[in-house]
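Colleague: In the numbering used here, the protein residues as written are 4 to 883. Can you keep this structure in mind? I'll have questions shortly.
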């Protein structure tokens, strides 16, 4: 083929035309109407270049947006930049520049890459979170949260470098103690491990308690977990991750006395309190601090130290030892547990390690003696006393009447620490005044802008005297600005609202417009964000609703988690050296491959062979259209239709229906398969005979339209070659010319009949058949099938069928009814006998083309030959 498709030659032109015509821009009137489809991919962190994970995400959202736009929707499909954060600050430090310059350079590069990939964004709504015009509204919302009581200022432990004089994220702690949570963009607060060394200076990291700012997300814990049941458009895995992260547990708190002080423990099994043989507290618990007991730095999960103290079991009166245990966590429950080794796996392991007594107090109803331990199920209480013989559930209920036990619910979720002692983030809009306390900066003085960047140890904001020293907004006296900046997840917790009104000057967003557009119809991103970003946007939306700024309480209707792109069996990554640049194979080859390789939620392997197939498919389609559009192909087509043309016309409609269904179901890999098969059919039709000009040209135009969401440059080029009206990016989605309630059944009929003929010719060894006869089952057999389907599997199939007036009382009918009665599987849909006959007649050219034989299709005589062998959707076949 001399004239091959070169996307690089056409992409700049079509990008210019799309921009000129504003194809992807949603005008303000459409936004005000609020009746469209909101499609959004998680906006990228400004790391400097796109990777294949970005491409897969944005190829999905672009396909959805283009499909919905062609289907007639007003589509909002914006893009912006998650621009604050630690990586930019680190990059600036390493390169002796400032974070803003580095970030702006990254944005320019990444925007250019997105445009070259052909993604259709409404760039008029672009937002950048490091712009003062954006983070002003972070500060505004912080103040509203503060006024509403959703902000607290309290102490929290953090990793601290004494040389740099700053808090370190876990990602900044090298060697032991370091972590790198991809979902946190390396920007999460430290877990105060006190292990490892500073990434900058190598100084040993310490643990310090600092006063820091929190959003009280725990106020919404119950609503956040209860609301998960309504998120039916979210993956079950994400909902379960959030449910576990919130960690709501119903149980009871039991008060043990330790050295004259009450120590509360939480348990979901108060019925096992009789078997508590020790009390364990976390290393950070007040009891551990008072007795000055610490665990070794290398302590494993079952490590523990006996404090020498004893605790009094409030139910049995027994004195039991008190341990500091590594497996008890500061931030889970109360930080203390009652050790019941006979009825808890971890307690049993700890007791075994430290030679602590094990006392069984619950047993199966039929096993009152000691069995295999630990026994963790409910059973009957075996401890002597007033509770003996009670079922676990009954004992739990009665124990709630005990003075030392009360019903309680605990949560794993903790308040959201938003303080960062770093430069590149939104300044927290608080002024500290010795007389007035913490005073929010007035709205009219927002934004509080970042000072000029200075490369320094410690907190760069704290090093700026001009920034720190200010006047108190309430009393006018000397005061100090807060020098912490906000967690960058604050920026991304409401950005989807700012896209609606990116230039609004007097509010973060228009509440009425937001109510119309929320929830976001389709949101695409990785499941690594399940317990951070995706939880925070749910919290923010609820808080904004309680502030009266929204009527919606959930931000996203349908969440799509894209799978991972693998290369050589591992996740594609620059650090592993197995990454592939998105543009290495061309924009549309890459897009086609990542969409065709697997279901959006599944991982897939990047292989050069499959990528090459995506490239060759483009060339085949382009060559087919080029041949038709060159003049000779266009003028040579027939103007009068023949019987086999009806098959192509019907298959065009069937393909439209199938592809539409697959787009609606987000099964883009099947969309690609459908389009590839359709292109093969068009090529086969063209080669079979001189094509019918109307049907063939319509097929090519439909093919071009179906390709728009996947390969927009190619589709636009094909449309132009076919003299299509306007831009195909703005064209209407193709619609069938005929009703197609049974298109899947029609296709299956042709496919299985072709397979049956192939099998017969192979088994009988017929290499050059002269004639193929297809005999459609008699009408009564369809009635038998229909009646059997109505009563199976439990009804009297044979009796019901043979009592039907439309079924002949013949042996053949009775035998078929008995055959259906014994069917193990279900009843697949079938066509009517008339429709089956028509479909096969239209498809005869496929049999002739493949086998070189004359083909006839006829109905079976009701009582004649083949009446007892032809079945609905399974014609009898005779080959001579």
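Idealized CB from N, CA, C, for every residue including glycine.
What is the residue span of the beta strand (DSSP E) that residue 526 lies within?
Modeller: It spans 523-527 - the beta strand (DSSP E) in which residue 526 sits, taken as one unbroken run.
Colleague: Do three or more CB pairs link the segment 334-354 to the segment 278-288 at distances below 8 Å?
Modeller: As far as the Cβ criterion goes, the segment 334-354 touches the segment 278-288, which means the pair count is three or higher.
Colleague: Taking 8 Å as the cut-off, decide whether the C-beta atoms of residue 855 and residue 771 are in contact.
Modeller: Their beta carbons are under 8 Å apart, which means residue 855 touches residue 771 by this criterion.
Colleague: Mind the definition here: the segment 596-616 touches the segment 567-586 only if three or more C-beta pairs lie below 8 Å; say whether that holds.
Modeller: Yes, the segment 596-616 touches the segment 567-586.
Colleague: Check this for me: beta carbons of residue 840 and residue 811, under 8 Å apart or not?
Modeller: No. Outside cutoff.
Colleague: Rounding to the nearest angstrom, what Cα-Cα distance links residue 752 and residue 586 in this structure?
Modeller: Roughly 42 Å separates the two Cα atoms.
Colleague: Taking DSSP as the reference, what is the three-state secondary structure of residue 705?
Modeller: Reduced to three states, the DSSP call for residue 705 is helix.
Colleague: Within this structure, are the beta carbons of residue 720 and residue 13 separated by less than 8 Å?
Modeller: Cβ distance < 8 Å, so residue 720 and residue 13 count as in contact.
Colleague: Hey, residue 353 and residue 321: beta-carbon distance below 8 Å or not?
Modeller: It is not a contact, given that the beta carbons lie outside the stated cut-off.
Colleague: List the endpoints of the continuous alpha helix (DSSP H) containing residue 109.
Modeller: That run of the alpha helix (DSSP H) goes 102-119.
Colleague: In the DSSP output, which residue or residues are listed as bridge partners for residue 252?
Modeller: Per DSSP, 413.
Colleague: How is the alpha helix (DSSP H) around residue 683 delimited, first residue to last?
Modeller: That run of the alpha helix (DSSP H) goes 671-691.
Colleague: Whose C-alpha, out of 694, 666 and 630, is nearest the C-alpha of residue 646?
Modeller: Closest option to residue 646, Cα to Cα, is 694.
Colleague: In this structure, does DSSP put residue 467 in helix, strand or coil?
Modeller: Note: residue 467 maps to coil in three-state DSSP.
Colleague: Can you say whether residue 204 is buried or exposed, counting buried as having 16 or more other CB atoms within 10 angstroms of its CB?
Modeller: Residue 204 should be labelled exposed.
Colleague: With a CB to CB cut of under 6 Å and the five nearest residues on each side skipped, what residues in its chain are close to residue 144?
Modeller: Cβ within range, chain order: n/a, list empty.
Colleague: Between which two residues does the beta strand (DSSP E) containing residue 124 stretch?
Modeller: That residue, residue 124, is in no beta strand (DSSP E); it is neither H nor E in DSSP.
Colleague: In chain order, what are the residue ranges of uninterrupted beta strand (DSSP E) at least 3 long that sit wholly in the segment 550-635?
Modeller: For the segment 550-635, whole beta strand (DSSP E) runs of length 3 or above, ordered along the chain, are 559-563 and 568-570.
Colleague: Compute the Euclidean distance between the alpha carbons of residue 506 and residue 130, then round it to the nearest angstrom.
Modeller: If you take the alpha carbons of residue 506 and residue 130, they lie about 9 Å apart.
Colleague: Below 6 Å CB to CB, which residues in the same chain sit around residue 381 once its five sequence neighbours on both sides are set aside?
Modeller: Excluding residues within five positions, the ones whose Cβ falls inside 6 Å are 395.
Colleague: Taking DSSP as the reference, what is the three-state secondary structure of residue 265?
Modeller: Note: residue 265 maps to strand in three-state DSSP.
Colleague: Give the range of the beta strand (DSSP E) segment to which residue 312 is assigned.
Modeller: Looking at the DSSP string, the run of the beta strand (DSSP E) that includes residue 312 is 307-315.
Colleague: Are there 16 or more other CB atoms within 10 angstroms of the CB of residue 740, so buried, or fewer, so exposed?
Modeller: Classification for residue 740: exposed.
Colleague: Would you mind giving the Cβ-Cβ distance between residue 427 and residue 92, rounded to the nearest angstrom? I have them listed as a contact below 8 Å.
Modeller: Confirmed, about 4 Å.
Colleague: If you count every other CB in all the chains shown that lies within 10 Å of the CB of residue 876, and 16 or more means buried, which is it?
Modeller: With 16 or more Cβ atoms within 10 Å of its Cβ, residue 876 is classed as buried.
Colleague: Of all the options 747, 749, 766 and 823, which has the alpha carbon lying nearest to the alpha carbon of residue 784?
Modeller: The candidate whose alpha carbon is nearest that of residue 784 is 823.
Colleague: Does DSSP put residue 216 in a helix, in a strand, or in coil?
Modeller: Strand.
Colleague: Can you pull the DSSP bridge partners for residue 435?
Modeller: Answer by DSSP bridge pairing, in chain order: 441 and 483.
Colleague: Report the CB separation of residue 317 from residue 399 in whole angstroms; it is logged as a contact under 8 Å.
Modeller: The pair is not a contact, with the Cβ atoms about 15 Å apart (cut-off 8 Å).
Colleague: For the beta strand (DSSP E) that contains residue 518, what are its first and last residues?
Modeller: Unbroken run through residue 518 is the alpha helix (DSSP H), 514-520; no beta strand (DSSP E).
Colleague: Which parts of the segment 37-113 are runs of the alpha helix (DSSP H), unbroken and 4 residues or longer, counting only runs that do not cross its ends?
Modeller: 55-73 and 89-98, all fully within the segment 37-113.
Colleague: In its own chain, which residues sit with a C-beta less than 6 Å from the C-beta of residue 285, not counting the 5 before and 5 after it?
Modeller: Closer than 6 Å at Cβ, skipping near neighbours: 331, 332, 333 and 338.
Colleague: Have a look at residue 843 and residue 860 and give me their C-alpha separation to the nearest angstrom.
Modeller: Between residue 843 and residue 860, the C-alpha separation is close to 7 Å.
Colleague: Here's the rule I'm using: 16 or more other beta-carbon atoms within 10 Å means buried, otherwise exposed. How should residue 835 be labelled?
Modeller: By the neighbour-count rule (16 or more Cβ atoms within 10 Å), residue 835 is not buried but exposed.
Colleague: Would you list the one or two residues that DSSP bridges to residue 862?
Modeller: The partner list for residue 862 (beta bridge, DSSP) reads 779.
Colleague: Pairs of beta-carbons, one from the segment 35-55 and one from the segment 82-99, closer than 8 Å: are there three or more?
Modeller: Touching, yes.
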